[in-house]
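Take 1 as the starting number for the sequence shown in full-length UniProt numbering and just add one per residue. We put the CB at the ideal spot given by N, CA and C, even for glycine. Keep in mind it's a predicted model, so treat the numbers as computed, not measured.
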Amino acid sequence: MAKKKKDRSAEDGQEADLSRQDLTSISAETDDGDHPAMTLSDPEPEPDTGTMAANGHDAGSRKKGKKGKKDKAEPEVLGSNKAVETMFRNAYRAELDTIALAATKANIMISLNGFIISALMISGAFIFASSPAFLLPAGVFMFTAAVSIIFALLSASPERADLIGAVWGWMRDVAARRARLRDLRARVLVAQEPAPSEDLNVLIYEDRVRLTREDYWSRMQALMRDREQVYYRMSDQLYWLGAVADRKFRLLNLSYTSFRWGLLASVVTFIGLKGVIAAIGTASSENIVRLRNLGIGSFEAIYEPSAVQQLSDGRILVVEDEATRAMNLLTLSEDGSLSEDRATGLRMARSFGRQLNDLEGLTIDAQDRVYAITSHSLTNKGERNPDREQLLRFRVSGGSVGDIHSFAQLRDALASDPVVTEALAAELGEEPDFDDLNIEGLAYVRQSGHLYLGLRAPLANDRSIIIAIENPDQVFDGGAAPRFGPPMLLDLQGGGIRALSFDPILGSFLMVNEIEGYEGNRYSQLWSWSGAPSVRPEPIALPDIINLNNVESIDSITFAGEPRLLIMSDEGSEKKNEPARYMMLDYEQLAP
């Protein structure tokens, strides 16, 4: 029994201790309330069952009341939620990506407009040389491209925070004689110090660079101690980044707008200019043609023209001394330029059924029969080649060649003809040597019906030789041997004949050869000759002929009802892709 009482007393003691702990916690919770606080040091009355029940009931009521107060407490401080930090992180990333996008677009506009300006500046001389009027649309495009690149540079380039203010302040101080011109560098490079009362955000670049290192660290420490200010400054920085992006995109929009409208203005200007030129050309087409015909033009795929002849239908036949490009058929465009038809030329050359090697002369008779001649010269190895010894007569119809006749014994006939050999022997004092024979001129005279051969070689005591075939019809139609007239010896200052043509406008022969200039250089010279052996040829001064090297083709043509003199130079190179050039002249420009 004693043991049971002892155990019961121990249990009662433990319950008392638990009751005291509950009361202590309740006292702590209600310390601010109406009830006095209770401590463990206060003496405790022996609680009975009713009192404990009442106390338990009151304690439960007080706990419920405390829970209700917690439900109505103030919300957590801003920033304690992880979602806020995520929001700031995403917002920063979005703003920086937007600024980077603006920089990328600005770089694209800088590169594009820079390329356009460079290309237009380089090609400006060529545009002016070919069509000076088209400098206007090119100039419009280059100007708008320059405006576009300026706005793009402003968008992409970094700026000092208070640059404008610093420059403006320096200008005012210079006006007030408080500063000098050399102070500008220091004013621009050194940031303006902030006023003591000025509110600066150390997270923003424009504000931060105006602080000293010590001032920056002091403000940074103060900011880190204040959570509310941290979020405020971060929000302010986000706004500043947005303003930076907005400025960049506004400038970028101006750059794109300048480029877009500049491109449109250039196209409109180009189309309008073309329309004006076309309208003027319609009103005064003759003047336009005359101006276009007085210059030097270039072929597209003709490199070594050796003879030229206009056909009765207005087209122009050109031969080259290369067998692969023996014939070319050209048409005159409305502006006086020559348009090539390479396919037709190849088809015509194949129509002969033989290789046409070293063609050098062309002419036409009253029946529209074309005569062509090869050089009859030896090869580089000193050998004779039948392909180089041909005198041809044929007709051109459309894009084909027909009624072809040839004579292949001209070289032997010349060397054995007594009229030719005796006259040359009398001039030379010895028998002529035809080993270096080279025929490069051919002209048909309708009044006499004779076919004239112009020899580049040989020369007779430095005088050029022209020999006439007096019976060309019998040679081609009846198989007769050629009947040669006496050789005509002309003083052309030591140069052999490179081109020969009878000009119906002048009623005389035109010849071209190469003579030596004062400085030892050789240049092409045009000559006029009446056809009488006793009359000396007269040199003709041609404008710009000195710019043509190795002239070998000359012919009188008709274009737009007006006569023109067409001259071509054998100066091109297929290997270098350098086409030959030609020149059309008004007869009024020919001055003896």
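- If you ignore the 5 residues before and after Ser-298, its C-beta comes within less than 6 Å of the C-beta of Pro-579, Arg-581, all in its own chain and listed in chain order.
- Tyr-444 sits buried, since 16 or more C-beta atoms from the chains shown fall within 10 Å of its C-beta.
- Residues of the same chain with a CB within less than 6 Å of the CB of Leu-153, apart from the 5 flanking positions on each side, do not exist.
- In its chain, beyond the 5 residues on either side, Tyr-444 have a beta carbon closer than 6 Å to the beta carbon of Asp-365.
- In the displayed model, Tyr-303 falls within coil according to three-state DSSP, outside both helix and strand.
- By the C-beta density criterion, Gln-525 is buried, having at least 16 other C-beta atoms within 10 angstroms.
- Asp-341: not part of any alpha helix (DSSP H); member of the beta strand (DSSP E) spanning 338-341, first to last residue.
- A straight-line Cα-Cα distance of about 10 Å links Asp-226 and Tyr-232.
- Annotation for Gly-139: the continuous alpha helix (DSSP H) segment containing it runs 135-156.
- Shown here, Arg-227 sits in a helix according to DSSP, grouped into three states.
- The three-state reading of DSSP puts Leu-329 in strand, counting E and B together.
- Of the other Cβ atoms in all chains shown, 16 or more fall within 10 Å of the Cβ of Glu-304; this residue is therefore buried.
- One alpha carbon belongs to Thr-374, the other to Ser-553, and they sit about 14 Å apart.
- Counting C-beta pairs closer than 8 Å gives three or more between the region 429-444 and the region 491-507, which meets the contact rule.
- Under the three-state reduction of DSSP, Val-209 is assigned to coil, being neither helix nor strand.
- Under the three-state reduction of DSSP, Asn-113 is assigned to helix.
- Taken through DSSP and simplified to helix, strand or coil, Asp-412 comes out as helix.
- In the three-state reduction of the DSSP assignment, Glu-214 falls in the helix class.
- With fewer than 16 other CB atoms across the displayed protein chains lying within 10 angstroms of its CB, Gln-409 is exposed.
- Your pair Arg-315 and Leu-329 checks out as a contact, with CB atoms roughly 6 Å apart and the cut at 8 Å.
- Rounded to whole angstroms, the Cβ separation of Gly-353 and Met-327 is 14 Å, and the two are not in contact under 8 Å.
- If one requires a minimum length of 4 residues, the alpha helix (DSSP H) runs lying completely within the region 435-493 are 472-477, in chain order.
- The three-state reading of DSSP puts Ser-258 in helix, counting H, G and I together.
- Straight across, the Cα-Cα distance linking Val-202 with Gln-229 is about 11 Å.
- Following the DSSP letters along the chain, one finds Thr-379 in no alpha helix (DSSP H), marked with neither H nor E.
- In terms of Cβ geometry, Arg-210 and Leu-223 do not form a close pair [threshold 8 Å].
- In the DSSP assignment, Pro-563 falls within the unbroken beta strand (DSSP E) covering 562-569.
- When rounded, the separation of the alpha-carbon atoms in Ser-218 and Glu-206 is 18 Å.
- The Cβ atoms of Phe-249 and Ala-102 sit closer than 8 Å to each other.
- Looking at the DSSP output, Tyr-582 bridges to Gly-297, Met-568.
- Counting the other CB atoms within 10 Å of its CB gives Gly-479 a total below 16, which places it among the exposed residues.
- For Val-551, the enclosing beta strand (DSSP E) begins and ends at 551-559.
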